[in-house]
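See below for the structure under consideration.
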DNA sequence: TACAAATGTTAGACTAATCTAACAAAAATA
DNA sequence: TATTTTTGTTAGATTAGTCTAACATTTGTA
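Shown next, in the form of structure tokens:
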């Protein structure tokens, strides 16, 4: 059984090596910064986690998760995101309030609790921030990226980037009410002029195809490919 | 902010001095036994909690909670029992499974979480074991004790004691399936012979008034008096 | 009441997680 | 390439919570 602290180190390492970018290793200082501890502290823990065969680490080298370490880290992330979803959907927390409490709840040890929570929430694939919730077997469903104009009517998606970085475009994006990771619903597409009607945070707008093809989105409802971790 | 350990000591002291019997103090060995630690360990913590003005304690004397300590302990009990109720009612845990997980969940720090959970559960007064859940203001609704023959038809109650301690009677109690603290439902009362039909753990039985007046119960549905703590 | 048993305390040690300060290695750059 | 900067490590100290072993006090009883 891992301590809360050990779990946090594994989670931080996962976030640095897997989720943020696709570099496979993280440095000691970097990890320490992520966790809000001093490098000396992180260094001790790295040695301890290597002893437990949860990470790969060599003196003066970068660190990465072993298969077992990755599995444990993914379990923590899964719990975190399921709790966030529960707090948001069943207890009326706002999306910015859920994280802090989920940081505590993610360390509760009870496989049955997490299974049942997953069931209660109807096996969600995304948390309130739009992040992917790993399945019980540790797989992550990664939604394919596309642009807003390719999205089907009736589907939900979220913006994860833009193709045009001009000030004019970005100001327009802002005016329409689009924010990174905020859910977007595609309401309709006018046959006459191809205008796309969307709803963001309760606010409805119509955007042109020209605009829409510069908004990179991930679709929550579309076919997804599994990323085994 | 109290540590998980400190909270556990306060809760244990509450259980020893308030819930089990009505003696107002507990000894160091007794407290240590309750928590599964050695007396030396408990002794250190007693000094620490006295420093924080959460308990009354003097060298070689018994310990008891201060007003502030009692308040903190009741909060922990409240959280424990609300979580038990949630696990039982919303996640389909059996009543014997809830305790272990609630021991972990009771230490989650988030007033909002507990308020919302209370609301979700519709402000319950009893947990799945039939124990009283303190209110948000720290009051406990104490159900009045009476005997089974005084209970109304349709009400739920639980056995908390017996008046007759003879072997004959106790064996009969056992045969009917009655256990301490197990929910009993009063199904009907025959007008002809006054036999009381009850249901315990799915098992239906009929008992005589003579039998019923020797079973001490608390009624979950009846009027209750508030015990401010 | 005196002694034995029960209860409670102290001292010293251990582990986990943290820190600071000094030092070592690797990387960047002049 | 030599030097500076960044990065990483080690040593030693600290805090919380625990232990064992020895000692002290209180309680109960012969």
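Residue numbers (the working numbering), protein chains in the order written: chain A, 1 to 229; chain B, 1001 to 1229. Using N, Cα and C, we set each Cβ at its ideal position, and we do this for glycine too.
Cβ-based contacts, 9 angstroms cut-off: residues of the region 1093-1113 of chain B near chain A: 1093, 1097, 1100, 1101, 1104, 1105, 1107, 1108, 1109, 1110, 1112 and 1113
Alpha carbon of residue 1110(B) to alpha carbon of residue 214(A), nearest angstrom: Here the question's residue 1110(B) lines up with position 110 in the second chain. Here the question's residue 214(A) lines up with position 214 in the first chain. So the alpha carbons of these two residues sit roughly 41 angstroms apart.
Exposed unless 16 or more other CB atoms sit within 10 angstroms - verdict on residue 1088(B): Indexing the second chain from 1 puts residue 1088(B) at position 88. Counting Cβ neighbours within 10 Å, residue 1088(B) comes out buried, since at least 16 surround it.
Interface residues of chain A facing residue 1090(B) [CB-CB closer than 7 angstroms]: As a working note, residue 1090(B) is residue 90 in the second chain. Ordered by position in chain A, the residues that pass the 7 angstroms Cβ test against residue 1090(B) are 120.
Distance between residue 82(A) and residue 102(A) (C-alpha atoms, nearest Å): Within the first chain, numbered from 1, the residue matching residue 102(A) stands at position 102. Within the first chain, numbered from 1, the residue matching residue 82(A) stands at position 82. Roughly 9 angstroms separates the two Cα atoms.
Under the three-state DSSP convention, the category residue 192(A) falls into: By 1-based counting over the first chain, the position of residue 192(A) is 192. Residue state, collapsed to three classes: coil.
CB contact below 8 angstroms: residue 2(A) versus chain B: Taking the first residue of the first chain as 1, we reach residue 2(A) at position 2. By this cut-off, residue 2(A) is not an interface position.
Residue 11(A), enclosing alpha helix (DSSP H) - first and last residue: Start at 1 with the first residue of the first chain, and residue 11(A) comes out as number 11. Following the DSSP letters along the chain, one finds residue 11(A) inside the alpha helix (DSSP H) bounded by residues 4-14.
Cβ of residue 116(A) within 8 angstroms of any chain B Cβ: Position 116 of the first chain holds residue 116(A). Judged by the 8 angstroms Cβ criterion, residue 116(A) is in contact with chain B.
Check whether residue 1127(B) and residue 1058(B) have beta carbons under 8 angstroms apart: Position 127 of the second chain, counted from the start, is the residue given in the question as residue 1127(B). Position 58 of the second chain, counted from the start, is the residue given in the question as residue 1058(B). Not in contact: residue 1127(B) and residue 1058(B) (Cβ atoms no closer than 8 angstroms).
Reference residue 156(A); option with closest CA among 162(A), 145(A) and 166(A): Position 156 of the first chain, counting from 1, holds the residue named residue 156(A). For residue 156(A), the nearest C-alpha among the options comes from 145(A).
Whether residue 72(A) touches residue 2(A) by CB criterion (8 angstroms): Taking the first residue of the first chain as position 1, residue 72(A) is located at position 72. Taking the first residue of the first chain as position 1, residue 2(A) is located at position 2. For residue 72(A) and residue 2(A), yes; Cβs fall inside 8 angstroms.
Proximity to residue 196(A) [Cα-Cα], best of 182(A), 212(A) and 183(A): The count along the first chain starts at 1 and reaches residue 196(A) at position 196. Comparing Cα positions, the closest option is 212(A).
Beta-carbon proximity of residue 1318(B) to residue 1210(B), cut-off 8 angstroms: Missing from the structure shown is residue 1318(B); chain B here goes from 1001 to 1229 and no further.
Boundaries (first-last residue) of the alpha helix (DSSP H) holding residue 114(A): Numbered from 1 along the first chain, position 114 holds the residue referred to as residue 114(A). First-last of the alpha helix (DSSP H) with residue 114(A): 111-120.
Residues of its chain near residue 1009(B), where Cβ-Cβ distance is below 6 angstroms and the 5 sequence neighbours each way are ignored: Translated into positions along the second chain, residue 1009(B) becomes position 9. Excluding residues within five positions, the ones whose Cβ falls inside 6 angstroms are 1045.
Counted within 10 angstroms of its Cβ, other Cβ atoms place residue 113(A) as buried (16 or more) or exposed: Walking along the first chain from the start, residue 113(A) turns up at place 113. Classification for residue 113(A): buried.
Contact set for residue 66(A): own chain, Cβ-Cβ below 8 angstroms, skip 5 residues either direction: As a working mapping, residue 66(A) is identified with position 66 in the first chain. Excluding positions up to five away in sequence, the list reads 53, 54, 55 and 56.
Within 8 angstroms, strictly: CB atoms of residue 158(A) and residue 130(A): Residue 158(A) sits at position 158 when you count from the first residue of the first chain. Residue 130(A) sits at position 130 when you count from the first residue of the first chain. Yes. Within cutoff.
Chain-order list of residues whose beta-carbon lies under 8 angstroms from that of residue 162(A) (same chain, five-residue window excluded): For the purposes of this step, residue 162(A) is identified with residue 162 of the first chain, where counting begins at 1. Here the set comprises 169, 170, 173, 214, 215 and 216.
Beta-carbon gap between residue 1035(B) and residue 1024(B) smaller than 8 angstroms: Here residue 1035(B) corresponds to residue number 35 of the second chain, with the count starting at 1. Here residue 1024(B) corresponds to residue number 24 of the second chain, with the count starting at 1. Taking 8 angstroms as the Cβ cut-off, residue 1035(B) and residue 1024(B) do not qualify as a contacting pair.
Reduced DSSP secondary structure (H/G/I, E/B, other) of residue 98(A): Here residue 98(A) is taken as the residue at index 98 of the first chain, counted from 1. Correct three-state label for residue 98(A): helix.
Assigned exposure category for residue 38(A) - 16 Cβ within 10 Å defines buried: Reading the first chain from its first residue, position 38 is the one you call residue 38(A). It is exposed - the Cβ of residue 38(A) has fewer than 16 other Cβ atoms within 10 Å.
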